[in-house]
Amino acid sequence: MTNGNHPNTATEAPERELMVVLSDRLSVAILAITWVLLLVAYLREYRRSQRLQQQLEQFELS
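Residue numbers (my numbering): 346 to 407.
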């Protein structure tokens with residue numbers, strides 16, 4: 346139901362809906378970027394751990 350006395354009622358609903366959609370998309374994009382950054386950080390630390398483990402094994406063999 347729209348209020349015929351208020352001139353902006355018809356135009357506010359689509360603008361609000363657009364803002365909600367953009368807000369949702371922005372939230373999803375930020376969440377996706379966060380997950381990618383966490384994955385990259387995990388992979389870097391995993392590689393670093395593997396290199397350190399190899400260095401430790403070489404040191405123990407010497």
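Note that beta-carbon positions come from the ideal geometry of N, C-alpha and C, so glycine has one too. Predicted model, so just to flag it, every value in this text is computed and none were measured.
Can you give me the C-alpha to C-alpha distance between leucine 406 and alanine 374, rounded to a whole angstrom? Within the sequence shown, residue 406 is the residue found at index 61, counting from 1. Within the sequence shown, residue 374 is the residue found at index 29, counting from 1. If you take the alpha carbons of leucine 406 and alanine 374, they lie about 48 Å apart.
How long is the line joining the alpha carbons of threonine 379 and glutamine 399, rounded to whole angstroms? Against the sequence shown, residue 379 aligns to sequence position 34. Against the sequence shown, residue 399 aligns to sequence position 54. About 30 Å.
Can you look up serine 372 in the DSSP assignment and give me helix, strand or coil? Here residue 372 refers to the residue found at position 27 of the sequence shown. Here serine 372 sits in helix by DSSP.
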